[in-house]
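Structure first, then comments.
Number of protein chains: 2
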Amino acid sequence: MSMDLLIKKITQKKNPTVVGLDPNLEQMPPELLAKNIEKYGKTLKAAAEAIYEFNTGIIDSVCDIIPAVKPQSAYYEMYGPEGVEVLKRTMQYAREKDLYVIADVKRNDIGSTATAYAKAYLGEVEIAGEKVSPFGADCVTVNGYLGSDGLNPFINLCKEYNKSMFVLVKTSNPSSSELQDLIVGDKTIYRTMAEAVSKLGEDVVGEYGYSSVGFVVGATHPRELTELRAACPNSFFLVPGYGAQGATAEDLKGAFDKNGLGAIINSSRGIIYAWKKTDADFKEASRNAALAMKKDLEIYF
Amino acid sequence: MSMDLLIKKITQKKNPTVVGLDPNLEQMPPELLAKNIEKYGKTLKAAAEAIYEFNTGIIDSVCDIIPAVKPQSAYYEMYGPEGVEVLKRTMQYAREKDLYVIADVKRNDIGSTATAYAKAYLGEVEIAGEKVSPFGADCVTVNGYLGSDGLNPFINLCKEYNKSMFVLVKTSNPSSSELQDLIVGDKTIYRTMAEAVSKLGEDVVGEYGYSSVGFVVGATHPRELTELRAACPNSFFLVPGYGAQGATAEDLKGAFDKNGLGAIINSSRGIIYAWKKTDADFKEASRNAALAMKKDLEIYF
Chain A
1 MSMDLLIKKI TQKKNPTVVG LDPNLEQMPP ELLAKNIEKY GKTLKAAAEA IYEFNTGIID
61 SVCDIIPAVK PQSAYYEMYG PEGVEVLKRT MQYAREKDLY VIADVKRNDI GSTATAYAKA
121 YLGEVEIAGE KVSPFGADCV TVNGYLGSDG LNPFINLCKE YNKSMFVLVK TSNPSSSELQ
181 DLIVGDKTIY RTMAEAVSKL GEDVVGEYGY SSVGFVVGAT HPRELTELRA ACPNSFFLVP
241 GYGAQGATAE DLKGAFDKNG LGAIINSSRG IIYAWKKTDA DFKEASRNAA LAMKKDLEIY
301 F
Chain B
1 MSMDLLIKKI TQKKNPTVVG LDPNLEQMPP ELLAKNIEKY GKTLKAAAEA IYEFNTGIID
61 SVCDIIPAVK PQSAYYEMYG PEGVEVLKRT MQYAREKDLY VIADVKRNDI GSTATAYAKA
121 YLGEVEIAGE KVSPFGADCV TVNGYLGSDG LNPFINLCKE YNKSMFVLVK TSNPSSSELQ
181 DLIVGDKTIY RTMAEAVSKL GEDVVGEYGY SSVGFVVGAT HPRELTELRA ACPNSFFLVP
241 GYGAQGATAE DLKGAFDKNG LGAIINSSRG IIYAWKKTDA DFKEASRNAA LAMKKDLEIY
301 F
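From first to last, the protein sequence lines stand for chains A and B.
Counting in the working numbering, the first sequence runs from 1 upward without gaps.
Counting in the working numbering, the second sequence runs from 1 upward without gaps.
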């Protein structure tokens, strides 16, 4: 089961951290863009290539410390097809460095279309009998508003290709309460979603006791992390919100099981833009920030 | 307001139809792929270029009859960055033919990331002061599970760039009931979502009385269409599920107001793959199918 692949990397590196690759031209060392503008003009291509240089610099600096990266698709789509091409190239580069790649795409659609998305990120397409992998991620994020027939196509491809997925349960943003905290019967919507997703993933539980179908639960909700860890012991959590979004290591306590497993904690800005707060270059600064985060989370591991 | 732009095209063409561009290599005339494989081999590029030829053939055949097209992003992402490049080129081609372009991307994320998605599809990005449009759609579909701070960035860009959006309320698939029909207080979740979205869009109501922020409501739910039309008179509906998914013109009655406005009805497979059921070539067959659908919906218009 593919969540095992992620958990193995976490235990090997003794670090339950994923680095979010959310590139932002304005936060990068300006010479990266300047150099590419000289080559390509003020174009989407120049922006995309600057992002690629930035990403590979970060990956080189942290790949021996961290188990996984999570590129956020929006920041690549922002630069059009050129940006999307760099999303793919970044994911390939990260996999070559033996990192687990979580494509943060939050896709969702009805059955046949969900299958197309699942093939795009987790599987293969056939072109006149030739099988080709369109993006080649290890894992995707998915939105479950459409119910099980929007999720099953992803689950089926997780089985077929030994991949994994995280479904949005309780998101880290302030307005997540507007829908997710409403009460249905005697339960919140996020809890209802969690239990439904947990059930859908119960036949893909791997050797560590965790399903290939996990949840996204924000670090900004410590109480909900604890509640969901107890309610859904087979569900691994992808936890955004640590660092720049305000959550601390203390807030994460509820996410982990007694062996220090159960969750992978994302940090994006806090690591990749650490250079803005130090004298170090962006590579060294990101390495230092990743080491500090590892140390910060050691208490659980 | 941008929903006005869509409604104007609907009234000019006397046709509340949008053609879904959901390309599927196996359903296309096989010579399109064969020709491109000769040029590019069995690659993502060959698949993407076959899709482009197919799409432009369909657009040429129906652009004087229909007001809008809706490319479904999954079927382009399936062919990697090459497919995404053809998604952009298809949208540009459709706009040149004076069609309104609804990018069916169902994107969703927290505030800052939602802004990146909104810029990608509806707005512009700045590259060293140069403003560039990454994809250039007129409208997007959005998933509201994350609440208002995932929707407001899209709404803000709808205002700034005179664009529009449709938020998933009640989807056309069988399992839509699993979450969307649950009861919160005295209301279904889809109704709760509808009212929240309607409120968020109330200051972008245009000259026809419809907001730039509309709903996706499936044609497979005639009762819910009627309920939501009455409850949210300022919300325009994008209605999938007609034709191949089983809904008939009769099922759509509730979607329209007394002037025949209020909704645009999507058909994908029923139009673009009509050639498989006739002796006509794919262009002629799609034109005939689009004309038949127009006639079918005339009773409301």
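Cβ atoms here follow ideal geometry from the backbone N, Cα and C, with glycine treated the same way.
As the structure is a computational prediction, the values presented were derived from the model and not from experiment.
- Chain B places a beta carbon closer than 9 Å to that of Val-184/A, counting this residue as a contact.
- About 5 Å separates the beta carbon of Val-101/A from that of Asp-138/A, a gap short enough to meet the 8 Å contact definition.
- Around the beta carbon of Asn-259/A, fewer than 16 other beta carbons lie within 10 angstroms, which makes this residue exposed.
- The alpha-carbon separation between Phe-135/B and Lys-88/B amounts to approximately 5 Å.
- Against chain B, a Cβ distance below 8 Å from Ala-74/A picks out Arg-107, Asp-109, Thr-113, Ala-114, Ala-116, Tyr-117 and Ala-120.
- Excluding sequence positions up to five before and after Ile-7/B, its CB lies within less than 7 Å of the CB of Tyr-208, Tyr-210 and Leu-261, all in the same chain and listed in chain order.
- Taking Val-216/A as reference, the option from Leu-99/A, Lys-106/A, Lys-42/A and Thr-248/A with the minimal CA-CA separation is Lys-106/A.
- Between Gly-243/B and chain A, the shortest Cβ-Cβ separation is not below 9 Å.
- Around the Cβ of Glu-82/B, a 10 Å sphere holds 16 or more other Cβ atoms; the residue is buried.
- DSSP links Leu-168/A through a beta bridge to Val-216/A.
- Within chain A, the residues whose beta carbon sits less than 8 Å from that of Lys-88/B are Gly-80 and Pro-81, listed in sequence order.
- With fewer than 16 other beta carbons inside 10 angstroms of its own, Gly-246/B counts as exposed.
- For the set Asp-251/A, Gly-150/A and Ser-198/A, the Cα lying nearest the Cα of Tyr-300/A is the one of Asp-251/A.
- Contact annotation: Met-193/B and Thr-17/B have beta-carbon atoms that are not nearer than 9 Å.
- By the rule that beta-carbons nearer than 9 Å mark a contact, Ser-198/B does not touch chain A.
- Taking a contact as a CB-CB distance under 8 Å, the pair Leu-146/A and Ser-175/B counts as one, their CB atoms being some 7 Å apart.
- Interface flag for Ser-211/A against chain B is unset, since no Cβ pair is found closer than 9 Å.
- Comparing alpha carbon positions, the residue from Ala-68/A, Ala-116/A and Val-169/A closest to Lys-14/A is Ala-68/A.
- Within chain B, the C-beta atoms nearer than 7 Å to that of Ile-37/A come from Ala-128, in chain order.
- Taking 9 Å as the cut-off, the Cβ atoms of Asn-108/A and Val-142/A count as close.
- Proximity of chain A to Gly-150/B at the Cβ level (cut-off 9 Å) is accounted for by Thr-171, Asn-173, Ser-175 and Ser-176, in chain order.
- Ala-47: these are the residues of the stretch 47–59 of chain A whose beta carbon lies less than 8 Å from some beta carbon of chain B, given in chain order.
- The Cβ atoms of Lys-70/A and Leu-238/A sit closer than 9 Å to each other.
- Going by C-alpha positions, Gly-57/B is about 19 Å away from Val-84/B.
- In the DSSP secondary-structure assignment, Gln-12/A is not bridged to any residue.
- Interface annotation, Lys-253/B: not in contact with chain A, CB-CB separation never under 9 Å.
- When DSSP assignments are scanned along the stretch 231–255 of chain A, the uninterrupted stretches of beta strand (DSSP E) that are 3 or more residues long and fall wholly within it turn out to be 237–239.
- A direct Cα-Cα distance of roughly 16 Å separates Thr-113/A from Cys-158/A.
- Gly-20/A sits in a strand when the DSSP states are folded into three classes.
- In this structure, Ser-61/A is the residue among Ala-48/A, Lys-42/A, Gly-41/A and Ser-61/A with its C-alpha nearest to the C-alpha of Ile-271/A.
- Chain-ordered, the chain B residues with CB closer than 7 Å to the CB of Asn-143/A read Asn-108, Asn-143 and Tyr-145.
- The distance from the Cβ of Val-86/B to that of Tyr-76/B is about 6 Å, consistent with a contact at the 8 Å cut-off.
- Taking 9 Å as the cut-off, the Cβ atoms of Leu-200/B and Ile-189/B do not count as close.
- Each residue's CA atom was taken as its position, placing Ile-127/A and Lys-170/B some 34 Å apart.
- At a cut-off of 9 Å between beta carbons, Leu-291/B makes no contact with chain A.
- Arg-191/A sits buried, since 16 or more C-beta atoms from the chains shown fall within 10 Å of its C-beta.
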